[in-house]
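**Student:**
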Amino acid sequence: MIGGAGFLGINLAEAMINAGHSVYLLDKSFANFESRRLSIPVNGKYEVDIGDTAAIIRLVDELEIDCVANLASSLLPSSDYTAFDLELRNMMLPAFQLLSHLASRKMKYLYFSSGGAIYGDAVEGPCQEKIQPLPISHYGYSKMLFEQYIEFVSRTAGLEYIIVRPSNPYGPHQNPNRKQGLIAVAFDKIVNRQLIEIWGDGSVIRDFVWVGDLAAAVTALVDRNSWNATYNVGSGVGSSVKQIIHLIEDLVGVRADVEYKSARQVDATKIVLDISKLQSLINYQPLDLGEGLRKYFRAVYATKS
Numbered sequence: 001m002i003g004g005a006g007f008l009g010i011n012l013a014e015a016m017i018n019a020g021h022s023v024y025l026l027d028k029s030f031a032n033f034e035s036r037r038l039s040i041p042v043n044g045k046y047e048v049d050i051g052d053t054a055a056i057i058r059l060v061d062e063l064e065i066d067c068v069a070n071l072a073s074s075l076l077p078s079s080d081y082t083a084f085d086l087e088l089r090n091m092m093l094p095a096f097q098l099l100s101h102l103a104s105r106k107m108k109y110l111y112f113s114s115g116g117a118i119y120g121d122a123v124e125g126p127c128q129e130k131i132q133p134l135p136i137s138h139y140g141y142s143k144m145l146f147e148q149y150i151e152f153v154s155r156t157a158g159l160e161y162i163i164v165r166p167s168n169p170y171g172p173h174q175n176p177n178r179k180q181g182l183i184a185v186a187f188d189k190i191v192n193r194q195l196i197e198i199w200g201d202g203s204v205i206r207d208f209v210w211v212g213d214l215a216a217a218v219t220a221l222v223d224r225n226s227w228n229a230t231y232n233v234g235s236g237v238g239s240s241v242k243q244i245i246h247l248i249e250d251l252v253g254v255r256a257d258v259e260y261k262s263a264r265q266v267d268a269t270k271i272v273l274d275i276s277k278l279q280s281l282i283n284y285q286p287l288d289l290g291e292g293l294r295k296y297f298r299a300v301y302a303t304k305s
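1 is the number of the first residue of the sequence shown in the working numbering; add one for each residue after it.
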């Protein structure tokens, strides 16, 4: 797993290990493992520059890897062209080189795209995988570009792949100090009685998915060999930013201090995923948002009180 030391990597590793897979994590640093005292029984952890394609190729060959999962990205929805240019040169182009090698060695590829930013303002209702993405941010455009290159290598060199478009995941091991992840940030700010800054008036609607459901779904897709396709993985239900904050206020028992700021051009008004394709293949019943928030609160904060 490239980018395996992050929020998604940790949760996916746990799900894959529980399903009987051998898991090796690659990342530029594993400092968060030590700071959080994580003890996930992975088969190996390797500190590697994610842009060093030659080093990654040596590792996957030495370890005789069957499938490479890419969860790495340095971009945020608010990232500008300068950040996109760095991502393209330092992470995307090296990854494109890796794809050709994987295809030649008959290794498979699992890519974590975006179930929000890639669609942009494409449709009013639930977004289906087959619609034309219309990203309105550099972050979303980078995901679309990466997806297109994966499909190109599949057509021309036979790469087998799964593209996952997750909605907005939340759950254990999420860093509330990043500028991404509304639920983790809102919990942290409300619990610590700090100001929450919201772009827009709070009416923006998003699809939120419990990270355990996301990890289990991806593991199931791999286990049933559902290759050469793109899958939305979300809850299929939309909730506004204001709704999320009110639900967390009720759980914590503290009134949020919220500052609403001018809306950003990079934020779509409403994004909810159509998950019918996924549900036609696997037994997927995502956790209800209310129960998910309670589960998150118990896991992250109840033990601290």
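For glycine and all other residues, C-beta sits at the position ideal for the given N, C-alpha and C. Remember, predicted model here, so these are calculated numbers, not experimental data.
Assign GLN285 to one of two classes, buried (16 or more other C-beta atoms within 10 Å of its C-beta) or exposed (fewer than that).
**Tutor:** In the sequence shown, the residue the question calls residue 285 occupies position 285. Classification of GLN285: exposed, given that the 10 Å Cβ count is below 16.
**Student:** I'd like to know whether the C-beta atoms of ALA13 and VAL42 end up nearer to each other than 7 Å.
**Tutor:** In the sequence shown, the residue the question calls residue 13 occupies position 13. In the sequence shown, the residue the question calls residue 42 occupies position 42. Yes, Cβ-Cβ distance for ALA13 and VAL42 is below 7 Å.
**Student:** Thinking C-beta only, is LEU71 closer than 7 Å to PHE112?
**Tutor:** In the sequence shown, residue 112 corresponds to position 112, counting from 1. In the sequence shown, residue 71 corresponds to position 71, counting from 1. Taking 7 Å as the Cβ cut-off, PHE112 and LEU71 qualify as a contacting pair.
**Student:** For the beta strand (DSSP E) that LYS106 lies in, which residues bound it at each end?
**Tutor:** Taking the first residue of the sequence shown as 1, we reach residue 106 at position 106. Element bounds for LYS106: n/a, residue is neither H nor E.
**Student:** Since LYS270 is in the beta strand (DSSP E), which residue starts that stretch and which ends it?
**Tutor:** Taking the first residue of the sequence shown as 1, we reach residue 270 at position 270. Taken as a continuous stretch (DSSP letters only), LYS270 belongs to no beta strand (DSSP E), as it is neither H nor E.
**Student:** Expressed to the nearest angstrom, what Euclidean distance is found between the alpha-carbon atoms of GLY44 and PRO172?
**Tutor:** Here residue 44 refers to the residue found at position 44 when the sequence shown is read from its first residue. Here residue 172 refers to the residue found at position 172 when the sequence shown is read from its first residue. Going from the Cα of GLY44 to the Cα of PRO172 covers about 22 Å.
**Student:** Indicate whether the contact test is met: 3 or more Cβ pairs, each with one atom in the stretch 138–157 and one in the stretch 91–99, closer than 8 Å.
**Tutor:** The stretch 138–157, when compared against the stretch 91–99, does touch it at the 8 Å Cβ threshold.
**Student:** In whole angstroms, give me the CA-to-CA distance for GLY212 and GLN132.
**Tutor:** On the sequence shown, position 212 is the one that residue 212 refers to. On the sequence shown, position 132 is the one that residue 132 refers to. If I take the Cα positions, the gap works out to 28 Å.
**Student:** Can you tell me whether ASP257 sits near the ligand ATP, meaning its C-beta is under 6 Å from at least one heavy atom of the ligand?
**Tutor:** The model depicted lacks the ligand ATP and carries no ligand whatsoever.
**Student:** To which residues does DSSP link ASP347 through a beta bridge?
**Tutor:** This structure cannot settle anything about residue 347, because the visible part of the chain is limited to 1 through 305.
**Student:** Look at the Cβ atom of ALA216, then the Cβ atom of ALA15, and state whether they are nearer than 7 Å.
**Tutor:** Counting from 1 along the sequence shown, the entry for residue 216 is found at position 216. Counting from 1 along the sequence shown, the entry for residue 15 is found at position 15. Yes, the Cβ-Cβ distance between ALA216 and ALA15 is below 7 Å.
**Student:** Helix, strand or coil for SER100? Go by DSSP, reduced to three states.
**Tutor:** Your numbering for residue 100 matches position 100 in the sequence shown. In the structure shown, SER100 sits in a helix (DSSP, three-state: H, G or I).
**Student:** Using three-state DSSP, classify PRO94 as helix, strand or coil.
**Tutor:** Within the sequence shown, the letter at position 94 stands for residue 94. Three-state result, PRO94: helix.
**Student:** Report all residues from its chain with a CB closer than 6 Å to the CB of GLY158; omit the five preceding and five following residues, and keep chain order.
**Tutor:** The residue you call residue 158 lines up with position 158 of the sequence shown. Taken in chain order, the residues that qualify are ALA103.
**Student:** Terminal residues of the continuous alpha helix (DSSP H) containing TYR296?
**Tutor:** Here residue 296 refers to the residue found at position 296 when the sequence shown is read from its first residue. 289–300 is the span of the alpha helix (DSSP H), which, as asked, contains TYR296.
**Student:** Measure the Cβ-Cβ separation of VAL164 and TYR231 and say whether it is below 7 Å.
**Tutor:** As a first step, residue 164 is located in the sequence shown; it is residue number 164 there, counting from the start. As a first step, residue 231 is located in the sequence shown; it is residue number 231 there, counting from the start. In this structure, TYR231 lies closer than 7 Å to VAL164 by Cβ.
**Student:** Check for me: the alpha helix (DSSP H) holding LEU251 runs from which residue to which?
**Tutor:** One-based indexing of the sequence shown puts residue 251 at position 251. Here the alpha helix (DSSP H) through LEU251 covers 241–252.
**Student:** In this structure, how does DSSP classify LEU195 when only helix, strand and coil are distinguished?
**Tutor:** Here residue 195 corresponds to residue number 195 of the sequence shown, with the count starting at 1. LEU195: strand per DSSP, three-state reduction.
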